[in-house]
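Throughout the sequence shown, residue numbering follows our numbering, covering 8 to 341 in sequence. Ideal placement from N, C-alpha and C gives every residue a C-beta, glycine not left out. Only a predicted model underlies this, so the values are computations on that prediction, with no experimental measurement involved. Accompanying notes for the structure given below.
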Amino acid sequence: VLKEGLRHMCLLRIFDDRMLTMQRQGKLSFYMKSLGEEAVAIAQGMALRPDDILFPSYRQPGLQFVRGRDIVDMICHCITNVKDNVKGRQMPVHYSWKEGNFVSISSPVGTQFPQAVGCAMASAYKGEDNVSISWVGDGTAAEGDFHYALNFASVYKAPVLLNVVNNQWAISTHKNISSGGATFAARGIAYDVPSIRVDGNDFLALYSVTSWGAERARKGGGPTFIEVFTYRGEAHSTSDDPTRYRPKDEWKSWPLGDPIERLKAHLIGLGAWSEKEQSKLEKELDTLVIKSYKEAEKHGTLSEGPWASEDTLFEDVYKKPPRHLRKQRQEFGF
């Protein structure tokens with residue numbers, strides 16, 4: 008599990024670095040990195056079952072690596088070419104993957120929290136033992152959806168894990184300004200939901216807490232609220248300049264360190280890994296990402312296409328399109 012986790016985290020970081028380079032070259036319109044938060048998606052994703060339903064934010068793309076999604080498909084979505092499975096209807100990095108039980112990422116923050124609770128309630132009603140899990144950032148803890156979700160989860164004892172990823176920054180607003188309390192975990196206690204604060208840069212701690220919460224939910228114990236304490240190492244997105252509101256090298260001074268370096272050091276300490284193996288792994292993964300990007304561009308580029316055809320505008324909403332949409336489609340000549 009530890010070696011697999013290290014591989015997934017390294018892949019996520021290398022993937023992020025390459026995609027950011029592509030965005031800066033004008034080959035992607037937008038991108039968001041997960042630097043410093045790789046352990047969140049990877050450790051928690053690995054602690055779950057494939058039939059557990061994921062309601063992520065834009066900072067957990069690594070869940071898809073854990074569940075085996077084709078990297079080419081992910082890049083096609085970011086490029087928004089003809090093979091984009093959401094047909095250009097979402098911003099890059101707002102992935103959707105039904106086959107992996109990965110629910111579409113939403114730009115309005117917090118919407119996934121009550122959705123996860125509702126999905127968990129439905130699973131319990133049907134007598135299934137899968138769980139739902141969701142993530143939001145610390146800034147989203149100020150949204151109504153955050154509180155609605157905690158309340159409903161508590162009242163109905165929903166088999167759900169609700170995570171607030173406290174990465175210290177809500178874009179440019181530090182959590183000390185946006186929150187009146189010392190911890191976000193304390194908010195779950197107010198709703199009578201078992202709550203825990205965990206080191207988000209510790210792979211083993213995240214894996215353990217998530218395994219415990221999921222098992223507890225499967226046995227009818229109800230929801231668990233987790234504050235994942237970590238640090239956003241990069242800009243909020245490619246539209247953000249973090250040097251305007253924090254020191255450029257602040258992440259390097261983060262006392263909880265780099266999640267990848269910590270897991271690597273742990274494996275080396277166990278005698279199960281080496282710096283030579285690490286270097287070989289990183290080269291292998293970089294080659295994989297470059298090869299995957301070239302393959303994805305065969306299905307279209309941002310500047311030249313091909314893209315999803317215009318007539319797909321009318322697809323995937325209604326099973327049987329209503330009369331007014333059939334009329335509009337005819338007017339467009341589709």
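Excluding five sequence positions before and after residue 190, the CB atoms of its chain that fall closer than 7 Å to its own CB belong to 204 and 234, given in chain order. Around residue 314, the same chain offers 87, 88, 89, 95 and 307 as residues with beta carbons nearer than 7 Å, after the five sequence neighbours per side are excluded.
Considering only 336, 277 and 174, the residue with the shortest C-alpha distance to residue 257 is 174. Taking C-beta separations shorter than 8 Å and ignoring five residues to either side along the sequence, residue 268 has no partners in its chain. Assigned with DSSP and collapsed to three states, residue 130 falls in helix. A contact is defined here as three or more CB-CB pairs under 8 Å, and the region 36 to 43 meets this definition with respect to the region 52 to 69. By alpha-carbon distance to residue 107, the top candidate from 251, 255, 57 and 259 is 57. In the structure shown, the three-state DSSP call for residue 24 is helix.
Distance from the Cα of residue 340 is smallest, within the candidate group 238, 316 and 323, for 316. For the options 188, 163 and 78, the alpha carbon positioned closest to that of residue 301 is the one of 78.
Here the alpha carbons of residue 275 and residue 283 stand approximately 11 Å from one another. Three or more beta-carbon pairs separated by less than 8 Å are not found between the region 8 to 25 and the region 166 to 173, which leaves the two stretches without contact. Comparing C-alpha distances from residue 74 to each of 131, 137 and 61 shows the shortest one belongs to 61. Bounds of the beta strand (DSSP E) holding residue 236 are 231 to 236.
Here residue 248 is exposed: its Cβ has fewer than 16 other Cβ atoms, across all protein chains shown, within 10 Å. The alpha-carbon of residue 214 is positioned some 18 Å away from that of residue 166. With at least 16 other beta carbons inside 10 angstroms of its own, residue 239 counts as buried. Distance check between residue 177 and each of 237, 225 and 264 places 237 closest, using alpha-carbon atoms only.
The DSSP-derived three-state label of residue 87 is coil. A Cβ-Cβ contact shorter than 9 Å links residue 207 with residue 46. Listed in chain order, the beta strand (DSSP E) runs fully inside the region 107 to 158 are 139 to 144, counting runs of at least 3 residues.
Taking 8 Å as the upper bound for CB-CB distance, residue 84 and residue 63 are not in contact here, some 14 Å apart. Pairing residue 192 with residue 202 gives a Cβ-Cβ distance under 9 Å.
Contact annotation: residue 82 and residue 303 have beta-carbon atoms nearer than 9 Å. The C-beta distance from residue 116 to residue 143 rounds to 7 Å, short enough to meet the 8 Å contact threshold.
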